[in-house]
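S.K.: Residue numbers for the sequence shown follow my numbering, so the first one is -4 and each next one is one higher.
Ideal Cβ positions, reconstructed from N, Cα and C, are used throughout, including at glycine.
Once you've had a glance at the structure underneath, I'll fire off some questions.
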Amino acid sequence: MRRGRTHRLSPERAARLRRALDRLERASPPRRRVPLDPVSLPHRYRDPRDIEVAALLAASLAYGRADLFLPRVERVLAGMGPSPAGFVRGLDVAGARELLAGFVYRFNVGADVAVLLLGMGRMLERRGSLEAGFVAAHEASGGDLHGALGAFVREIRDVDVRAVERALGRTRGLDHLLPVPLGAGAAKRLHLFLRWMVRGPDGVDLGVWKRVSPGALIVPLDTHVARLAWRLGLVRRRTMGWAAAEDITRNLEVIDPVDPVRFDFVLCHHGMSGACPPRARAELCARCVLRPECSVGRRLAPGPEPSGPPARRGSPASARRAPLG
Ligand code: SF4
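Next up, the structure:
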């Protein structure tokens, strides 16, 4: 996909932002928020193949409120037994019906999820791993991430959908679960899956894919990251699609060229926790460690840099990662 034009951070501003983001990471250690995040689900497994299957399932359904989608994904995983990879490798349409009959989560029904599970099983059989499937798509697209993700999703969807629909009823939100074509949206849930697989292991991301570089990633752009990126001057676009995610990533690259999406989790959870709400509040800005670099915070709460605790902690029920893509 053609990259949009954007401003680039100056090295001086990037250095200041990096110090501010390091402060945020120290003040709000990411590991403490992992239990509230869908990445907690693939953390339950040890085998890389089980991790990638659990991760793609969890990331694909990670839209809306975490307290609503997490239990549904947990129930599906529980029905898959101790090895999600072993389960999908041996899965047929009758098994999918047994697991997913009656499943509903917002736009998606059991038939949609069955296509995803059957498609992962086929990819494991054909290529040995989801990583191998993605790497093949990445190489075929000449390193273009948009093309690679599009081809990866197309291969996952290459199952007998009519047989699935005969067993489980009509698919409903298949294009939302597995978008084909990928289009101009931010594809947040696919980038989230890639971040989990490629970065780390660092207590948050799992780092089980070794053949993709963290430098190839694009930020998983949800409403929280979009809001923070706008306030911190990482993006100037108003439309938060793929092009905006690329803009933000290019600026994060100036901050950390090797690992540009390193601060995605801490930025997202700064918003999710309620510490940086959509309607900014002076009393929260006054104690936010990002304030010196934030256009909104400097306006609402002028004064010396904060030295105390930066963030109000939210309740688990408030934890959500809203989708853009
Ligand atoms: S200073 Fe205020 S608006 Fe800016 S990031 Fe912090 S809490 Fe959000």
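Use the C-beta contact count for S5: other C-beta atoms within 10 angstroms, 16 or more gives buried, fewer gives exposed.
M.R.: Numbered from its first residue, the sequence shown carries residue 5 at position 10. It is exposed - the Cβ of S5 has fewer than 16 other Cβ atoms within 10 Å.
S.K.: Answer with buried or exposed for P273, where buried requires no fewer than 16 other C-beta atoms within 10 angstroms of its C-beta.
M.R.: Translated into positions along the sequence shown, residue 273 becomes position 278. So P273 counts as exposed.
S.K.: According to DSSP, simplified to helix, strand and coil, what is V99?
M.R.: Along the sequence shown, read from residue 1 onward, the residue named residue 99 stands at position 104. Strand, per DSSP.
S.K.: Just to check, is the beta-carbon of L322 closer than 7 Å to a non-hydrogen atom of ligand 1?
M.R.: A question about residue 322 goes unanswered here, because the residues of the chain that appear run from -4 up to 320.
S.K.: Taking the alpha-carbon of R167 as reference, which of G105, L52, P297 and H38 has the nearest alpha-carbon?
M.R.: Here residue 167 is taken as the residue at index 172 of the sequence shown, counted from 1. If we check each option's Cα against that of R167, G105 comes out closest.
S.K.: Let's test the definition: count the other Cβ atoms within 10 Å of the Cβ of D330 and tell me whether it reaches 16, buried, or not, exposed.
M.R.: Nothing can be reported for residue 330: it is not among the residues displayed for the chain, which extend from -4 to 320.
S.K.: Is C263 near ligand 1, in the sense that its beta carbon is under 7 Å from a heavy atom of that ligand?
M.R.: For the purposes of this step, residue 263 is identified with residue 268 of the sequence shown, where counting begins at 1. No, the beta carbon of C263 sits no closer than 7 Å to any heavy atom of ligand 1.
S.K.: When the Cβ atoms of the stretch 209 to 228 are set against those of the stretch 242 to 258, are three or more pairs found closer than 8 Å?
M.R.: yes
S.K.: In the DSSP output, which residue or residues are listed as bridge partners for V104?
M.R.: Working through the sequence shown from its first residue, we reach residue 104 at position 109. Per DSSP, V99.
S.K.: Out of curiosity, what's the CA-to-CA distance linking I250 and L125?
M.R.: As a working note, residue 250 is residue 255 in the sequence shown. As a working note, residue 125 is residue 130 in the sequence shown. So the alpha carbons of these two residues sit roughly 30 Å apart.
S.K.: How should G292 be labelled, buried or exposed, when 16 other C-beta atoms within 10 angstroms of its C-beta is the threshold for buried?
M.R.: The count along the sequence shown starts at 1 and reaches residue 292 at position 297. Here G292 is buried, its C-beta having at least 16 other C-beta atoms within 10 Å.
S.K.: Restricting to Cα atoms, I'd like to know which of M235, G198, P299 and E278 is closest to V261.
M.R.: Taking the sequence shown and counting its residues from 1, one reaches residue 261 at position 266. V261 has its Cα closest to that of G198, out of M235, G198, P299 and E278.
S.K.: Quick one: is the Cβ of A270 within less than 7 Å of any heavy atom of ligand 1?
M.R.: One-based indexing of the sequence shown puts residue 270 at position 275. Within the cutoff, so yes.
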